[in-house]
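Residue numbers (the numbering used here), protein chains in the order written: chain W, 2 to 120; chain R, 8 to 116.
All residues carry an ideal CB built from backbone N, CA and C; glycine is no exception.
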């Protein structure tokens, strides 16, 4: 089946530094990738949607200059948290699909997530 | 604003019995509902879904029921097995996916 690899699984960084999270589709071409964030005891919240070769579409309230998303190829999307602060500490997870309609019907494949801790 | 809610953070069930996981939503425009299963250190995987035009969908031991008037869906697992122990998320599809907060199911051998 479709596999999405997300790295790193855990990262601790100092306040003010930047962190890059990678999301790779291993056996399919991900035309669309999604980035979610989950705070403790809350649900997965969509941050942004990225289509290969175009700019990401950010959800309301998500700072695009802080959360830089790059989807330069059909198998790789990256999320860079710039100038991270403790309030950015969260669980970040990506998902990908080759077909948006199939994805909506359950065909999204999720990465395993990244636990970011900013100290 | 939480559009999809799972009010039970955890559930314990004896092996062989029925597990019932519940989910409520607020937006009547959602047209597709899904359940995902998540093991520790892994991403959520798709389990079963239901269209808003149906009230039941069955796949082996898993059945999802949809009550549109109550804006409520449930996932039934019969019989429950220890390998079913995981966190279950419900999700609703509208202009984007909206996820519940998850219910951690423990099936006791």
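Between residue i and residue j, what straight-line distance do the alpha-carbon atoms span, to the nearest angstrom?
i: residue 55 of chain R; j: residue 117 of chain W; result: 30 Å
i: residue 79 of chain R; j: residue 57 of chain W; result: 33 Å
i: residue 101 of chain W; j: residue 40 of chain R; result: 16 Å
i: residue 30 of chain W; j: residue 55 of chain W; result: 15 Å
i: residue 57 of chain R; j: residue 110 of chain W; result: 18 Å
i: residue 47 of chain W; j: residue 103 of chain R; result: 8 Å
i: residue 16 of chain W; j: residue 88 of chain W; result: 10 Å
Checking contacts by CB at 9 Å: is residue i closer than that to chain R?
i: residue 33 of chain W; result: no
i: residue 111 of chain W; result: yes
i: residue 10 of chain W; result: yes
i: residue 106 of chain W; result: yes
i: residue 61 of chain W; result: no
i: residue 96 of chain W; result: yes
i: residue 30 of chain W; result: no
According to DSSP, which residues form a beta bridge with residue i?
i: residue 83 of chain R; result: R:27, R:70
i: residue 50 of chain W; result: W:35, W:58
i: residue 8 of chain W; result: W:23
i: residue 10 of chain R; result: DSSP, once it has assigned bridges, lists no residue as partnering residue 10 of chain R.
i: residue 29 of chain W; result: None, per the DSSP bridge assignment.
i: residue 102 of chain R; result: Answer is none; residue 102 of chain R lacks a bridge partner.
i: residue 63 of chain W; result: Bridge partners of residue 63 of chain W: none, in fact.
Just checking: is the beta-carbon of residue i within a distance shorter than 9 Å of some beta-carbon in chain W?
i: residue 88 of chain R; result: no
i: residue 96 of chain R; result: yes
i: residue 92 of chain R; result: no
i: residue 67 of chain R; result: no
i: residue 108 of chain R; result: yes
i: residue 53 of chain R; result: yes
i: residue 76 of chain R; result: no
i: residue 72 of chain R; result: no
i: residue 103 of chain R; result: yes
i: residue 100 of chain R; result: yes
i: residue 85 of chain R; result: no
i: residue 26 of chain R; result: no
(request) Determine which residues of the region 33-51 of chain R have a Cβ less than 7 Å from any Cβ of chain W, and write them out in chain order. (result) Listed by position along the chain: 39, 41, 48, 49, 50, 51.
(request) Name, going along the chain, the residues of the region 34-50 of chain W whose beta-carbon falls closer than 9 Å to a beta-carbon of chain R. (result) The residues in question are 35, 37, 39, 42, 43, 44, 45, 46, 47, 50.
(request) At 3 residues or longer, and completely inside the region 29-69 of chain R: list those beta strand (DSSP E) runs for me, N to C. (result) For the region 29-69 of chain R, whole beta strand (DSSP E) runs of length 3 or above, ordered along the chain, are 39-45, 52-58, 63-66.
(request) Would you list, in sequence order, the uninterrupted alpha helix (DSSP H) runs of no fewer than 4 residues that lie entirely inside the region 86-114 of chain W? (result) Counting only runs of 4 or more residues that sit fully inside the region 86-114 of chain W, no alpha helix (DSSP H) segment turns up.
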